[in-house]
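In order, the protein sequence lines correspond to chains W and A. When we follow this note's numbering, the leftmost residue of the first sequence carries the number 1, and every step to the right adds one. When we follow this note's numbering, the leftmost residue of the second sequence carries the number 294, and every step to the right adds one. Where is the CB? At the ideal position from N, CA and C, for every residue including glycine. Report on the following structure.
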Amino acid sequence: MATMTAGAPARKPIKLGQIVNRVLFWIMIVMILVYTVFPFYWAIVSSLKPAGQLFDTPVAYWPKTVTLENYQNVFENPNFGLALRNSAIVTIITVVLSLVLGSLGAYATGRLAFRGKTIILYTVLAMTMFPAISILGSLYQMIVAFGVYNRIPALVFAYLTFTLPFTVWVLTNFFRAMPGELEEAAFVDGATPMQTFRMVLLPLALPGMVTTGLLAFIAAWNEFLFALTFTQDYEGARTAPVLIATFSGKTEFELPWGSIMAASVTVTIPLIILVLVFQRRIMAGLTAGAVKG
Amino acid sequence: MSQQATGLKQPAAARRATLLKGPQSAEARRRERLGWILVLPSVLVVLIVALYPLVRTIILSLTNARLSSTRVTSFVGLSNYTNLLTDPKFLNALGNTLLFTVASVFFETLLGLIIALVIHSNFKGRGLVRTAMLIPWAIPTVVSAQMWKWMYHDVFGVINDLLVTRLGLLNTKIAWLASPTLALPAIVAVDVWKTTPFMALLLLAGLQVIPEDIYEAAHVDGATKIQQFWTMTLPLLRPALLVALIFRTLDAFRVFDVIFVMKGTAPETASVAVLARQTMIDLARLGEGGAMAVIIFIILALFVVLYTRLVRVEEG
Chain W
1 MATMTAGAPA RKPIKLGQIV NRVLFWIMIV MILVYTVFPF YWAIVSSLKP AGQLFDTPVA
61 YWPKTVTLEN YQNVFENPNF GLALRNSAIV TIITVVLSLV LGSLGAYATG RLAFRGKTII
121 LYTVLAMTMF PAISILGSLY QMIVAFGVYN RIPALVFAYL TFTLPFTVWV LTNFFRAMPG
181 ELEEAAFVDG ATPMQTFRMV LLPLALPGMV TTGLLAFIAA WNEFLFALTF TQDYEGARTA
241 PVLIATFSGK TEFELPWGSI MAASVTVTIP LIILVLVFQR RIMAGLTAGA VKG
Chain A
294 MSQQATGLKQ PAAARRATLL KGPQSAEARR RERLGWILVL PSVLVVLIVA LYPLVRTIIL
354 SLTNARLSST RVTSFVGLSN YTNLLTDPKF LNALGNTLLF TVASVFFETL LGLIIALVIH
414 SNFKGRGLVR TAMLIPWAIP TVVSAQMWKW MYHDVFGVIN DLLVTRLGLL NTKIAWLASP
474 TLALPAIVAV DVWKTTPFMA LLLLAGLQVI PEDIYEAAHV DGATKIQQFW TMTLPLLRPA
534 LLVALIFRTL DAFRVFDVIF VMKGTAPETA SVAVLARQTM IDLARLGEGG AMAVIIFIIL
594 ALFVVLYTRL VRVEEG
């Protein structure tokens, strides 16, 4: 009783109005949950239905029989394995490069004083909101000129345009938020700035780097415009989003929806797992990157 | 923390002070050099993969360049831009983009605010709801576009089934994406679904920093919930709301993925980005498409200026 709000009587009879409010509130919660989760639920259900039930009316909201044949079809398609491989390679290289370059740069912009720092930070911030379309044509010509069209480096270069500025910007804020005493103590002990970075600040920045890396991973994994434009086939560097977007069936008229849904679910599963495991970190990163001000 | 302030906004004076301190000056110089060495790789990458192509796009937009041809290109001045002003395809795409942006940002903000207010209250399972809300955000846009395309299917789609067969709200099944008038609103609905939860989570973060006790005070003073919302919650939420709005507007204005996957380059839904890519890559008219891309960039740059004014680079 002691924990109850001050002024509230010890126990008052629950009024009808309160019950109505409570019920309305839970209806809202259920509606929000259904709205956010149903489309993905529907993709999973559709991917598990046999072809016959998929094209059945009225629609069954629960599969009468569950089959993995759609997944089997998808994985038997050699392009799907190649697309997943390309997506994984491009994404991992991009994230690692962004984190290495970004953490060094962010240490400088967050902790060191040097001429031109402000203009660099403004540029970085502006770059995080850069429209990809405005560099598409030029980047295409550069990629062809460098001889990397349809190859992994083309996409890594292109993806750095959005992952690197983002990484520098968010990590700068992380480095700034650290207490200065640690650095001063290391300095007094005779550590060089690089030693301070490696032994004192980097371990402290690790949670920030995990968050930033995750967000960069999701952005690179989901990218479509560059992947569509700078690649040609799956032996080269076409990624999973391009495969899903350009799925075509045996006939031109009926798309293989079961397979499309199975491929969609497969590509999304790694992201869902990441989100479930790291939801706290992701939330922290999103709010740090977006609503700081 | 003093070295952090140095060289940020106080230019010569502060630097001179550091340099004049004698023994520290070598240290300051060393740190300055280290700063540049560390930031140089990032700066170089950004220069090569982003700023150079941007400048190049702007220059190419003043020429009749083709995507890949040995033909000599020549300067055509601003004619690519002036042609666009009377190009019905471009004006149509610009109209689609504006409609998409205004409609999606409006509904995302409205729904996001409602959802944020609902889950702001304490209840059992709140963590679960918040987790569920991250799912649409994490799903690749391409995947969500295909998911909804299947849901919108004219014969076997779940939306027609729900509206016609189960609820009886409509008499006949609708070919949502084939309809010239309904296709764009249908795509807006997909974007709203995908980004509303994100908006709600940003606004929720904004709500959580509003101190509880002002509501208690208002309650004592006899203010109704609705009065509290208009006079306290909304004004205090304004910074978060503004930033979220600008973020979403920037994102919506350059929309490509969801429209391209659901409708390809069909004129009834094509955005400026879709048309620009088609012109530059498929039709190889780099100059003309470049001009469209530059227009998107300029409009967004104005927004970015607005944004950087709200979020200061320096803190405190």
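Discussion item. For a quick check, are the C-beta atoms of A:Gln439 and W:Ile244 less than 8 angstroms apart?
Written reply: Within the second sequence, numbered from 1, the residue matching residue 439 of chain A stands at position 146. Within the first sequence, numbered from 1, the residue matching residue 244 of chain W stands at position 244. Taking the C-beta atoms as reference points, W:Ile244 is found nearer than 8 angstroms to A:Gln439.
Worksheet entry | Contact list for A:Glu581 against chain W, beta-carbon separation under 8 angstroms | For this step, residue 581 of chain A is matched to residue 288 along the second sequence. What A:Glu581 touches in chain W: nothing, since even the nearest Cβ is about 10 angstroms away.
Worksheet item: Thinking C-alpha only, which one of W:Val45, W:Gly52, W:Glu76, W:Asn73 is nearest W:Trp62?
Response: Indexing the first sequence from 1 puts residue 62 of chain W at position 62. Of the listed residues, the one whose Cα sits closest to W:Trp62 is W:Val45.
Discussion item. Just to confirm, is the Cβ distance from W:Thr57 to W:Ser98 under 8 angstroms?
Written reply: One-based indexing of the first sequence puts residue 57 of chain W at position 57. One-based indexing of the first sequence puts residue 98 of chain W at position 98. It is not a contact, given that the beta carbons lie outside the stated cut-off.
Worksheet entry | Of the residues A:Ala533, A:Gly515, A:Lys487, the one placed nearest A:Ile503, counting alpha carbons only | Locating residue 503 of chain A in the second sequence gives position 210, counting from the first residue. Its Cα nearest to that of A:Ile503, the residue A:Ala533 stands out among A:Ala533, A:Gly515, A:Lys487.
Worksheet item: Alpha carbon to alpha carbon, how far is W:Phe80 from W:Val74?
Response: As a working mapping, residue 80 of chain W is identified with position 80 in the first sequence. As a working mapping, residue 74 of chain W is identified with position 74 in the first sequence. Just so you know, the alpha carbons of W:Phe80 and W:Val74 end up roughly 7 angstroms apart.
Worksheet item: Can you name, in chain order, every residue of its own chain whose Cβ lies under 7 angstroms from the Cβ of A:Gly315, other than the five neighbours on each side?
Response: Start at 1 with the first residue of the second sequence, and residue 315 of chain A comes out as number 22. In this prediction, A:Gly315 scores a pLDDT of 47, lower than 50, which makes its location untrustworthy; no coordinate-derived value is stated.
Fill in: Chain-ordered chain A contacts of W:Asn222 [CB-CB under 9 angstroms]
To locate residue 222 of chain W, count along the first sequence from 1; it is residue 222. Going along chain A in sequence order, the residues near W:Asn222 (Cβ under 9 angstroms) are Ala431, Ile432, Pro433, Thr434, Val435, Val436, Asp550.
Discussion item. Could you tell me the alpha carbon to alpha carbon distance between A:Trp430 and W:Ser134, rounded to whole angstroms?
Written reply: Here residue 430 of chain A refers to the residue found at position 137 of the second sequence. Here residue 134 of chain W refers to the residue found at position 134 of the first sequence. Using only the alpha carbons, I get a separation of about 24 angstroms.
Fill in: Closer than 8 angstroms to chain A by CB, W:Ile14
Within the first sequence, numbered from 1, the residue matching residue 14 of chain W stands at position 14. Answer no: the Cβ-Cβ gap between W:Ile14 and chain A never drops below 8 angstroms.
Practice prompt. Over the uninterrupted alpha helix (DSSP H) stretch that includes W:Gly208, give me the two end residues.
Written response: Translated into positions along the first sequence, residue 208 of chain W becomes position 208. W:Gly208: member of the alpha helix (DSSP H) spanning 202 to 222, first to last residue.
Item to complete: Say whether chain W places a C-beta atom closer than 8 angstroms to the C-beta of A:Leu427.
Response: Here residue 427 of chain A refers to the residue found at position 134 when the second sequence is read from its first residue. Interface flag for A:Leu427 against chain W is set, since a Cβ pair is found closer than 8 angstroms.
Practice prompt. Could you tell me the distance, in whole angstroms, from the CA atom of W:Arg281 to the CA atom of W:Thr211?
Written response: Locating residue 281 of chain W in the first sequence gives position 281, counting from the first residue. Locating residue 211 of chain W in the first sequence gives position 211, counting from the first residue. Roughly 6 angstroms between the two C-alpha positions.
Worksheet item: Is W:Arg238 helix, strand or coil when you go by DSSP?
Response: Locating residue 238 of chain W in the first sequence gives position 238, counting from the first residue. In this structure, DSSP gives W:Arg238 a state outside helix and strand, which the three-state scheme calls coil.
Fill in: Helix, strand or coil at W:Thr128 according to DSSP, with G and I counted as helix
Looking up residue 128 of chain W in the first sequence gives position 128. Of the three classes helix, strand and coil, the one that applies to W:Thr128 here is coil, per DSSP.
Worksheet item: Name the DSSP bridge partner or partners of A:Thr356?
Response: Counting from 1 along the second sequence, the entry for residue 356 of chain A is found at position 63. Answer by DSSP bridge pairing, in chain order: A:Phe368.
Fill in: Inter-residue spacing [alpha-carbon to alpha-carbon] between A:Trp523 and A:Leu529
The residue labelled residue 523 of chain A in the question sits at position 230 within the second sequence. The residue labelled residue 529 of chain A in the question sits at position 236 within the second sequence. So the two alpha carbons sit approximately 10 angstroms from each other.
Worksheet item: Excluding five sequence neighbours on each side, which residues of the same chain lie with their C-beta closer than 6 angstroms to the C-beta of A:Arg308?
Response: For this step, residue 308 of chain A is matched to residue 15 along the second sequence. Confidence in A:Arg308 is poor, its pLDDT being 46 and thus under 50, which makes the residue's placement too unreliable to answer from.
Worksheet item: Does the distance from the C-beta atom of W:Thr94 to that of W:Ala220 stay below 8 angstroms?
Response: To locate residue 94 of chain W, count along the first sequence from 1; it is residue 94. To locate residue 220 of chain W, count along the first sequence from 1; it is residue 220. In this structure, W:Thr94 sits near W:Ala220, with a CB-CB distance shorter than 8 angstroms.
Practice prompt. Note down the Cα distance separating A:Ser414 from A:Asp575, rounded to an integer number of angstroms.
Written response: If you number the second sequence from 1, residue 414 of chain A lands on position 121. If you number the second sequence from 1, residue 575 of chain A lands on position 282. Straight through space, the alpha carbons of A:Asp575 and A:Ser414 are spaced by roughly 51 angstroms.
Fill in: A:Met440 at chain W interface by Cβ criterion, 8 angstroms
As a first step, residue 440 of chain A must be located in the second sequence, where it is residue number 147. Interface residue, yes.
Worksheet item: For A:Leu535, which option in A:Leu495, A:Val567, A:Thr572 has the closest C-alpha, if you only look at C-alpha atoms?
Response: Translated into the one-based positions of the second sequence, residue 535 of chain A becomes position 242. The residue with the shortest Cα to Cα distance from A:Leu535 is A:Leu495.
Worksheet item: According to DSSP, which residues form a beta bridge with A:Arg578?
Response: If you number the second sequence from 1, residue 578 of chain A lands on position 285. When beta bridges are read from the DSSP output, A:Arg578 appears opposite A:Arg359.
Worksheet entry | Own chain, CB closer than 7 angstroms to W:Gly258, minus 5 neighbours either side, in chain order | Reading the first sequence from its first residue, position 258 is the one you call residue 258 of chain W. Non-local C-beta neighbours of W:Gly258 in its own chain, meaning closer than 7 angstroms and more than five positions away in sequence, comprise Ser46, Ser47, Lys49, Ala51, Leu54, Asn70, ordered along the chain.
Worksheet item: Given that W:Tyr149 touches chain A, what residues does it touch there, using C-beta distances under 7 angstroms?
Response: Stepping through the first sequence from its first residue, residue 149 of chain W is reached at position 149. Per Cβ cutoff of 7 angstroms: no residues; W:Tyr149 is ~10 angstroms from chain A at best.
Worksheet item: What are the residues of the stretch 319 to 342 of chain A that lie near chain W, defined by any Cβ-Cβ distance shorter than 7 angstroms?
Response: Cβ contacts with chain W: Arg324, Glu325, Leu327, Gly328, Trp329, Leu331, Val332, Pro334, Ser335, Val336, Val338, Val339, Val342.
Discussion item. What would DSSP say about A:Lys466, mapped onto helix, strand or coil?
Written reply: Within the second sequence, residue 466 of chain A is the residue found at index 173, counting from 1. A:Lys466: coil per DSSP, three-state reduction.
Practice prompt. Name, please, each residue of chain W whose Cβ falls closer than 7 angstroms to the Cβ of A:Pro346.
Written response: Along the second sequence, one-based indexing puts residue 346 of chain A at 53. Ordered by position in chain W, the residues that pass the 7 angstroms Cβ test against A:Pro346 are Ile135, Ser138, Leu139, Met142.
Fill in: Proximity below 8 angstroms, CB of W:Phe224 to CB of A:Asp550
Locating residue 224 of chain W in the first sequence gives position 224, where the first residue counts as 1. Locating residue 550 of chain A in the second sequence gives position 257, where the first residue counts as 1. Against a cut-off of 8 angstroms, the Cβ pair of A:Asp550 and W:Phe224 comes out as a contact.
Worksheet item: When you compare only the Cα positions, how much space is there between W:Met194 and A:Val436?
Response: Walking along the first sequence from the start, residue 194 of chain W turns up at place 194. Walking along the second sequence from the start, residue 436 of chain A turns up at place 143. If you take the alpha carbons of W:Met194 and A:Val436, they lie about 43 angstroms apart.
Worksheet item: When you compare only the Cα positions, how much space is there between A:Ala566 and W:Ala263?
Response: Looking up residue 566 of chain A in the second sequence gives position 273. Looking up residue 263 of chain W in the first sequence gives position 263. Approximately 27 angstroms, taken between the alpha carbons.
Item to complete: Tell me whether A:Ser564 is buried or exposed, calling it buried when 16 or more other Cβ atoms sit within 10 Å of its Cβ.
Response: As a working mapping, residue 564 of chain A is identified with position 271 in the second sequence. Residue burial annotation: A:Ser564 is buried, with at least 16 other C-beta atoms found within 10 angstroms of its C-beta.
Discussion item. Suppose the cutoff is 7 angstroms on Cβ atoms and the five residues either side in sequence are ignored; what does the same chain contact list for W:Lys64 look like?
Written reply: Taking the first residue of the first sequence as 1, we reach residue 64 of chain W at position 64. Closer than 7 angstroms at Cβ, skipping near neighbours: Gln53.
Discussion item. Is A:Lys314 close to chain W? Criterion is C-beta to C-beta, closer than 8 angstroms.
Written reply: Residue mapping note: residue 314 of chain A aligns to position 21 of the second sequence, counting from 1. For A:Lys314, the pLDDT reaches just 48, beneath the cut-off of 50, and the residue's location in the model is therefore unreliable, leaving the point undetermined.
Worksheet entry | Per-residue burial, A:Ala471 [other beta carbons within 10 Å of its own, 16 or more giving buried] | The residue given as residue 471 of chain A occupies position 178 in the second sequence. Exposed is the call here.
Worksheet item: Taking buried to mean at least 16 other C-beta atoms within 10 Å of its own C-beta, is A:Gln571 buried or exposed?
Response: Here residue 571 of chain A corresponds to residue number 278 of the second sequence, with the count starting at 1. Classification for A:Gln571: buried.
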